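Participant: Numbering (full-length UniProt numbering), first residue to last: 1 to 441.
(1) Hey, could you find the ends of the beta strand (DSSP E) residue 120 is sitting in?
(2) Considering only C-alpha positions, which residue in the set 421, 425, 385 and 369 is nearest to residue 400?
(3) Under the rule that 16 or more other beta-carbon atoms within 10 Å means buried, what is residue 137, buried or exposed?
(4) Starting from residue 372, follow the alpha helix (DSSP H) in both directions and report where the run begins and ends.
(5) Whole-angstrom Cβ separation of residue 162 and residue 392, contact assumed at under 8 angstroms?
(6) What is the DSSP secondary structure of residue 203, counted as helix, strand or coil?
(7) Under the three-state reduction of DSSP, which class applies to residue 331: helix, strand or coil?
(8) Could you check how far apart the C-beta atoms of residue 271 and residue 253 are, in whole angstroms? I think they sit under 8 angstroms.
(9) Quick check on DSSP: helix, strand or coil for residue 155?
(10) What ranges does the alpha helix (DSSP H) occupy inside the segment 401–436, keeping only unbroken runs of at least 4 residues that lie completely in it?
(11) Can you list, in chain order, the residues of its chain with a C-beta nearer than 6 angstroms to that of residue 262? Leave out the 5 residues immediately preceding and following it.
(12) Taking the alpha helix (DSSP H) that residue 300 falls in, what are its first and last residues?
(13) Can you have a look at residue 245 and say buried or exposed, based on whether 16 or more other CB atoms are within 10 angstroms of its CB?
(14) In the DSSP output, which residue or residues are listed as bridge partners for residue 214?
(15) So what's residue 85 in DSSP terms, helix, strand or just coil?
(16) Pull up the CB-CB distance for residue 342 and residue 146, whole angstroms please, since I reckon it's below 8 angstroms.
(17) So, at 7 angstroms on beta carbons, what are the nonlocal neighbours of residue 319 in its own chain, with the 5 sequence-adjacent residues on each side left out?
(18) Would you mind sorting residue 306 into buried or exposed? The rule is 16 or more other CB atoms within 10 Å of its CB.
(19) With C-beta atoms as the reference, is residue 360 less than 7 angstroms away from residue 354?
(20) Would you say residue 325 touches the ligand PLP, meaning its beta carbon is less than 6 angstroms from a heavy atom?
(21) With distances taken between CB atoms, is the gap from residue 41 to residue 240 smaller than 7 angstroms?
(22) The alpha helix (DSSP H) spanning residue 195 covers which residue range?
(23) Quick one, which of 49, 59, 194 and 180 has its alpha-carbon nearest residue 123's?
(24) With 16 as the cutoff for other CB atoms within 10 Å, does residue 79 come out buried or exposed?
(25) According to DSSP, simplified to helix, strand and coil, what is residue 255?
(26) Can you give the Cα-Cα distance for residue 394 and residue 290, rounded to whole angstroms?
(27) Taking the C-alpha atoms as reference points, what is the distance between residue 293 and residue 186?
(28) Report the residue from 299, 248, 134 and 195 whose alpha carbon sits nearest the alpha carbon of residue 407.
(29) Assign residue 107 to one of three DSSP states: helix, strand, or coil.
(30) If you run the structure through DSSP and keep just helix, strand and coil, what is residue 280?
And the structure:
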């Protein structure tokens, strides 16, 4: 019937109106939830930016609240650029060694403003304890043949990052110095060789101590190697101590031409950031791995017992000096394969330690390179040195993993990066930790 058709059409229209009316609150609810999500994201961005700004202010040389605010606001502006958080106010205040900061920002909502009377207000706060002590850091860097190619490139970049962060432009009232220990088949001590391992006689001898050393190799054949500016481990009662070399000289090093003394020499403690970065940039990878010698020299360069060797500005302070942190950062890929006997790589050394015919016919009296490194790490930590370890793309050897894990001060000081980006992140994290700048909330 006609009236029935008309009623059906009227009913359809009513349903459409009802659906449209129901969609309005649903849309409002949806947009409101979007606003809440946006606000949460903007709040996180504001907090991250304030954390970074407070850390930057703490690292700066600013000493007044106004100076701190100038530094902090610059970081806030850069980090919030392109975000939905519009900064409206900030404060940075220094009390004793603690910097407290607050930031307020607004975000324009899609619809929540209908019942919120305007923009959404976001707040963040941060607190940082400023570095209040001096630091002496020895960077012990693996520059062996296994580090060639992209690995050594990544190491240069990571080490430079650490130097940039740790070494401050202002060195008073607290100083921050870094030493560099490149190691491979030994450690090159450069012009300090005579003072460290003792002088040598001219000519050729059949006992270690001359300019040239004629010895019997593992196959019973005579070999003659020349002295170098590299050193090996010392033996005897002071093998694993930091006793001064004037009392217990370091081991001589007679390298083969197939595994020569590395080019890069040690750099004693320095606050010359440009020079330190130049030394890092010059690192070259070659040779076998006497990692234990590198570990020892990391300790020696922050030890006051070795201080008499260096220029006054490079001499480590005494153990127990107030407001002083001594740190060794040990980086390795884990191949500790070269131990010494009488200044020549021992026959007990493992795969990767050079030509077998170049090994002397005696075993290393101190044991394997792994065992020696472990003992040095233990004694170094007992002396109060904080040790970070970085196992970079560590070899598949449980001894290597154990060394990296056990040498560190604790598990929080162990890093196992894979790839150059992760290596740089590890060094950055260590540098930040060394600077003792921690977010307390």
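Quick reminder that beta carbons are idealized off the backbone N, C-alpha and C, glycines included. Quick caveat, the model's predicted, so the values are computed rather than measured.
Facilitator: Once the coordinates are examined:
(1) Residue 120 sits at position 120 when you count from the first residue of the chain shown. 120–129 is the span of the beta strand (DSSP E), which, as asked, contains residue 120.
(2) Start at 1 with the first residue of the chain shown, and residue 400 comes out as number 400. When only C-alpha atoms are compared, the closest one is 369.
(3) By 1-based counting over the chain shown, the position of residue 137 is 137. Burial call: buried.
(4) The residue labelled residue 372 in the question sits at position 372 within the chain shown. 369–382 is the span of the alpha helix (DSSP H), which, as asked, contains residue 372.
(5) Translated into the one-based positions of the chain shown, residue 162 becomes position 162. Translated into the one-based positions of the chain shown, residue 392 becomes position 392. Contact doesn't hold; Cβ gap of about 14 angstroms is too wide.
(6) What you label residue 203 is simply residue 203 of the chain shown in a count that begins at 1. Three-state result, residue 203: strand.
(7) By 1-based counting over the chain shown, the position of residue 331 is 331. Of the three classes helix, strand and coil, the one that applies to residue 331 here is strand, per DSSP.
(8) The count along the chain shown starts at 1 and reaches residue 271 at position 271. The count along the chain shown starts at 1 and reaches residue 253 at position 253. With a Cβ gap of about 30 angstroms, residue 271 and residue 253 do not count as contacting.
(9) As a working note, residue 155 is residue 155 in the chain shown. Looking at residue 155 - three-state DSSP - the assignment turns out to be helix.
(10) Segments of the alpha helix (DSSP H) lying fully in the segment 401–436: 420–434.
(11) Counting from 1 along the chain shown, the entry for residue 262 is found at position 262. Once the five neighbours on either side are set aside, the close Cβ partners of residue 262 are 184, 188 and 287.
(12) Within the chain shown, the letter at position 300 stands for residue 300. Bounds of the alpha helix (DSSP H) holding residue 300 are 291–300.
(13) Locating residue 245 in the chain shown gives position 245, counting from the first residue. Residue 245 counts as buried, since at least 16 other C-beta atoms from the protein chains shown sit within 10 angstroms of its C-beta.
(14) As a position in the chain shown, residue 214 is number 214, starting the count at 1. The secondary-structure analysis by DSSP pairs residue 214 across a beta bridge with 224.
(15) On the chain shown, position 85 is the one that residue 85 refers to. Three-state DSSP puts residue 85 in coil, outside helix and strand.
(16) Locating residue 342 in the chain shown gives position 342, counting from the first residue. Locating residue 146 in the chain shown gives position 146, counting from the first residue. Between residue 342 and residue 146 a beta carbon distance of about 26 angstroms is seen, past the 8 angstroms cut, so the two are scored as non-contacting.
(17) Counting from 1 along the chain shown, the entry for residue 319 is found at position 319. Annotation for residue 319: 304, 383 and 384 place their beta carbon closer than 7 angstroms to its own, counting only its chain and skipping 5 residues before and after.
(18) Along the chain shown, read from residue 1 onward, the residue named residue 306 stands at position 306. Burial state of residue 306 is buried, judged by a 10 Å Cβ sphere holding 16 or more other Cβ atoms.
(19) By 1-based counting over the chain shown, the position of residue 360 is 360. By 1-based counting over the chain shown, the position of residue 354 is 354. Taking 7 angstroms as the Cβ cut-off, residue 360 and residue 354 do not qualify as a contacting pair.
(20) In terms of ligand content, the structure shown is empty, and the ligand PLP therefore cannot be addressed.
(21) Mapped onto the chain shown, residue 41 falls at position 41. Mapped onto the chain shown, residue 240 falls at position 240. Not a contact, by the Cβ cut-off of 7 angstroms.
(22) On the chain shown, residue 195 is found 195 positions in, with the first residue counted as 1. Per DSSP, the continuous alpha helix (DSSP H) segment holding residue 195 begins and ends at 193–197.
(23) In the chain shown, the residue the question calls residue 123 occupies position 123. Shortest Cα-Cα distance from residue 123 to any of 49, 59, 194 and 180 involves 49.
(24) Stepping through the chain shown from its first residue, residue 79 is reached at position 79. Burial state of residue 79 is buried, judged by a 10 Å Cβ sphere holding 16 or more other Cβ atoms.
(25) On the chain shown, position 255 is the one that residue 255 refers to. Of the three classes helix, strand and coil, the one that applies to residue 255 here is coil, per DSSP.
(26) Along the chain shown, read from residue 1 onward, the residue named residue 394 stands at position 394. Along the chain shown, read from residue 1 onward, the residue named residue 290 stands at position 290. When rounded, the separation of the alpha-carbon atoms in residue 394 and residue 290 is 16 angstroms.
(27) Taking the chain shown and counting its residues from 1, one reaches residue 293 at position 293. Taking the chain shown and counting its residues from 1, one reaches residue 186 at position 186. It is roughly 6 angstroms from the alpha-carbon of residue 293 to the alpha-carbon of residue 186.
(28) Residue mapping note: residue 407 aligns to position 407 of the chain shown, counting from 1. The residue from 299, 248, 134 and 195 with its alpha-carbon nearest to that of residue 407 is 299.
(29) Residue numbering aside, residue 107 sits at position 107 when the chain shown is read from its first letter. Per DSSP, reduced to three states, the secondary structure at residue 107 is strand.
(30) Taking the chain shown and counting its residues from 1, one reaches residue 280 at position 280. Residue 280: helix per DSSP, three-state reduction.
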